[in-house]
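Per our numbering, the sequence shown runs over residues -8 to 251.
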Amino acid sequence: MEHKVSIKTLILTGYGINAEKELKWAFDLAGSETDIIHLEDLIENKSILSKYNILGFAGGFSFGDHIASGKVFANLIKYNVFEDLKKFIDSGKLVIGICNGFQVITKLGLLPSFDNSYEPVVSLTANDSGHFEDRWVTVKVENNKSPWLHGIDTLYLPVRHGEGKLITRDSATLERLKKNGQVALRYTNKKNPDDMSYPHNPNGSYYDIAGITNEAGNVFGLMPHPEAYYCNELHPNWTEGVIENKIGLDIFKNAVNYFK
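Following this line, the structure appears as structure tokens:
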């Protein structure tokens, strides 16, 4: 009799996170057993984390984006469960941060974490447009060494953020991201790749970066929302028969299949 492997995902919520149910649905569709837990419950019972294969930081507006997007949520983790989180990552388990979740894990230093330093050297700041961006964008996979991106070349995904511009501490940090293959996703213009003006790059991110990984590839952060495109009917032009080769759900399928 074949033994069915149970892959478990934990999604954190609380304090203004509002996309946790979308993220749970995506993981459920991908074949995971998924739980949503308030951050305070994790702080009170740190051993919860060890029971899971995957950890998800969902989108939203944690603490109203006060101080800086994701900063307060990140500090709660840093001063309460950071050591447990590092053990989780160092064991090879998977972490994803989407939008506000991406902001949280960069503030924590989970990305890019050069030499496992967990030192924050990149950040996500206000869009060059000066306003909230709510649109669909095309992103291409720059490096698919991450298990999250196996077999994916390009994706068409929605963005919805006011602070999505990825910046680096200095030019050397950006060059190291490139050299290490940690630039996972870049915004692209299918019709004219040489033209990456707004809105193709919706926020002004350095090097058109939409997502990065840690050096091992098991921690992945991105500003677009793959969990919001889990079936073709969610494509803005689906009534015209537009079918994409890959959809956002494939990212979550990759994560679940990684443990099988």
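From the three backbone atoms N, C-alpha and C, an ideal C-beta is built for every residue, glycine too. Just so it is clear, the structure is predicted and the values come from calculations on it, not from any experiment.
Every beta strand (DSSP E) of 3 residues or more that sits fully in the segment 84 to 116 is shown, in chain order, as 85 to 89 and 113 to 116. In this chain, Lys182 is not harboured by any alpha helix (DSSP H), its DSSP state being neither H nor E. DSSP places Gly55 in the helix class (H, G or I) of the three-state scheme. Per the coordinates, the alpha-carbon of Ile2 lies some 14 angstroms from the alpha-carbon of Val210. Contact between Arg126 and Val150 holds, since their C-beta atoms are separated by about 6 angstroms, short of 8 angstroms. Per DSSP, Asp125 is not a residue of any alpha helix (DSSP H); the beta strand (DSSP E) it occupies stretches across Glu124 to Val132.
Following the DSSP letters along the chain, one finds Val210 inside the beta strand (DSSP E) bounded by residues Val210 to Leu213.
In the three-state DSSP reduction, Asp161 falls in the coil class, being neither helix nor strand. For Ala65, the secondary structure class from DSSP, reduced to helix, strand or coil, is helix. Under the DSSP assignment, Val233 falls outside any beta strand (DSSP E); it carries neither an H nor an E label. Contact between Leu213 and Ile89 holds, with the beta-carbon distance rounding to 6 angstroms and staying under 8 angstroms. As computed with DSSP, Gly202 is found in a beta bridge with Leu176 and Leu213. Looking at the backbone, the Cα of Tyr220 and that of Lys37 are separated by about 32 angstroms. Annotated as distal: Glu124 and Asp56, with beta-carbon spacing of 9 angstroms or more. In the displayed model, Val247 falls within a helix according to three-state DSSP. Of all C-beta pairs linking the segment 152 to 169 to the segment 68 to 87, fewer than three are shorter than 8 angstroms, placing the two stretches out of contact. When secondary structure is reduced to three states using DSSP, Ile143 falls in the coil class, being assigned neither helix nor strand.
Taking a 10 Å sphere around the C-beta of Leu101, we find 16 or more other C-beta atoms and assign the residue as buried. In the DSSP assignment, Leu46 falls within the beta strand (DSSP E) that extends over Ile45 to Phe48. By the neighbour-count definition (other C-beta atoms within 10 Å, threshold 16), Asn91 is a buried residue.
For Val174 against Glu133, the beta-carbon gap comes to about 5 angstroms, under 8 angstroms, which counts as contact. Of the residues Leu140, Ser(-3), Thr145 and Thr204, the one whose Cα lies closest to the Cα of Val113 is Thr204.
Assignment of alpha helix (DSSP H) within the segment 1 to 39, counting only whole runs of 4 or more residues, yields 11 to 21 and 30 to 35 in chain order. With contact defined as three or more Cβ pairs closer than 8 angstroms, the segment 220 to 229 and the segment 182 to 198 are not in contact. Cβ contact annotation for Gly172 (same chain, cutoff 7 angstroms, sequence separation greater than five): Asn134 and Lys136, in chain order. Of all C-beta pairs linking the segment 62 to 76 to the segment 23 to 33, three or more are shorter than 8 angstroms, placing the two stretches in contact.
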